[in-house]
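What follows is a single structure, written as structure tokens, with notes after it.
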Amino acid sequence: MVSPGFFLTGVITLLTFINVLKSEQVLDKQNEDFDFDGLPGVSYEFKVEVNAGDEQCFYQKIAQGARLYVSFEALRGGDRLIDVILRDPNMEILDSQIDQTEGSLEHETTVEGIYTICIDNTASMSRYFYGSKRIYFYMGTYITAEWDKYIEEIEGVHLTVSNFTMKKNGTLDIISDGRVLYTENGITETIYDKNGNWISSDGRVCTENGITETICSYEWDDIDAGFM
Numbered sequence: 001m002v003s004p005g006f007f008l009t010g011v012i013t014l015l016t017f018i019n020v021l022k023s024e025q026v027l028d029k030q031n032e033d034f035d036f037d038g039l040p041g042v043s044y045e046f047k048v049e050v051n052a053g054d055e056q057c058f059y060q061k062i063a064q065g066a067r068l069y070v071s072f073e074a075l076r077g078g079d080r081l082i083d084v085i086l087r088d089p090n091m092e093i094l095d096s097q098i099d100q101t102e103g104s105l106e107h108e109t110t111v112e113g114i115y116t117i118c119i120d121n122t123a124s125m126s127r128y129f130y131g132s133k134r135i136y137f138y139m140g141t142y143i144t145a146e147w148d149k150y151i152e153e154i155e156g157v158h159l160t161v162s163n164f165t166m167k168k169n170g171t172l173d174i175i176s177d178g179r180v181l182y183t184e185n186g187i188t189e190t191i192y193d194k195n196g197n198w199i200s201s202d203g204r205v206c207t208e209n210g211i212t213e214t215i216c217s218y219e220w221d222d223i224d225a226g227f228m
């Protein structure tokens with residue numbers, strides 16, 4: 001007959017294993033050429049709920065010599081303070097942001113392997129503002145040489161956007177997910193998305209139909225559903 005103590009130990013072990021699985025996510029946008037959707041790297045953007053006393057860890061294979069960029073913001077929950085930790089393939093800490101409501105991490109990898117980014121909310125157990133937190137998370141990684149080549153190609157495609165920028169006295173940025181951003185007087189707006197479609201000032205996606213007609217429609221990003 002199985003003793004109650006043995007049964008209880010087995011249940012606790014099973015629940016612990018399930019909890020570990022729930023708090024780990026594998027970011028699997030990768031292939032041999034380190035390319036996704038024609039971009040020289042990968043990027044993710046999503047929101048995640050991190051329960052009080054828990055942490056959420058994400059894993060991504062990154063090529064040697066690639067640059068990794070992570071940004072985050074606690075949108076709501078208690079005091080909104082969280083810890084974000086970056087670890088190398090040997091699980092050594094490379095960088096961290098402790099007790100922050102928002103921030104960023106940037107690192108150039110010297111070794112290819114699986115890198116770990118953890119959003120840690122365990123400290124909330126010892127604070128007055130106890131509770132889960134809603135976190136916005138962005139991660140982009142790319143190889144600098146390949147990215148520079150990609151930017152040259154994009155700049156050629158979006159030459160008209162560059163001319164527009166010069167007239168408006170603003171700055172033009174092409175970020176890691178392929179969007180073209182225009183900034184003037186501290187205000188940033190998307191001019192083109194990663195598919196080359198023009199984004200109007202009110203958020204509509206515009207495409208050319210024939211020679212003279214431009215069709216604009218709204219496209220809603222369900223950011224809460226997962227990866228963008």
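Residue numbers (full-length UniProt numbering): 1 to 228.
Heads up, the beta-carbon is just placed ideally off N, CA and C, and yes, glycines get one too.
Using the DSSP secondary-structure output, state which residues sit across from residue i in a beta bridge.
| i | result |
| --- | --- |
| residue 78 | Per DSSP, none; premise fails for residue 78. |
| residue 149 | Its beta-bridge partners do not exist; DSSP assigns none. |
| residue 66 | 143 |
| residue 83 | 120 |
| residue 42 | 141 |
| residue 113 | 62 |
| residue 98 | Bridge partners of residue 98: none, in fact. |
| residue 104 | 71 |
Could you tell me the alpha carbon to alpha carbon distance between residue i and residue j, rounded to whole angstroms?
| i | j | result |
| --- | --- | --- |
| residue 29 | residue 41 | Confidence in residue 29 is poor, its pLDDT being 44 and thus under 50, which makes the residue's placement too unreliable to answer from. |
| residue 91 | residue 64 | 16 angstroms |
| residue 43 | residue 100 | 22 angstroms |
| residue 77 | residue 152 | 42 angstroms |
| residue 57 | residue 146 | 28 angstroms |
| residue 49 | residue 86 | 19 angstroms |
| residue 62 | residue 114 | 6 angstroms |
| residue 149 | residue 67 | 15 angstroms |
| residue 166 | residue 96 | At residue 166 the pLDDT is 42, less than 50, meaning the model places this residue with poor confidence; the figure from the coordinates comes in the next sentence. If I take the Cα positions, the gap works out to 38 angstroms. |
| residue 169 | residue 84 | Any reading at residue 169 needs caution, since the residue's pLDDT is 46, under 50, leaving its predicted position unreliable; the model's value is listed next. Distance between the alpha carbons of residue 169 and residue 84 is about 37 angstroms. |
Among the candidates the options, whose CA atom is the shortest distance from the CA of residue i?
| i | options | result |
| --- | --- | --- |
| residue 79 | 132, 107 and 58 | 132 |
| residue 89 | 103, 110 and 72 | 110 |
| residue 46 | 73, 106 and 104 | 73 |
| residue 107 | 93, 135 and 50 | 93 |
| residue 60 | 145, 149, 112 and 123 | 112 |
| residue 143 | 117, 69 and 53 | 69 |
| residue 71 | 103, 121 and 54 | 103 |
| residue 137 | 82, 145 and 114 | 82 |
| residue 105 | 140, 149 and 53 | 140 |
| residue 52 | 135, 134 and 121 | 121 |
Kindly give me the distance between the Cβ atoms of residue i and residue j, rounded to whole angstroms, as I take these residues to be in contact under 8 angstroms.
| i | j | result |
| --- | --- | --- |
| residue 55 | residue 119 | 6 angstroms |
| residue 117 | residue 75 | Their Cβ separation, rounded to whole angstroms, is 18 angstroms, which puts residue 117 and residue 75 out of contact at 8 angstroms. |
Should residue i be listed as close to the ligand PLP, given that the test is whether its C-beta is under 6 angstroms from any heavy atom?
| i | result |
| --- | --- |
| residue 137 | With respect to small molecules bound, the structure shown includes none, and the ligand PLP cannot be examined in it. |
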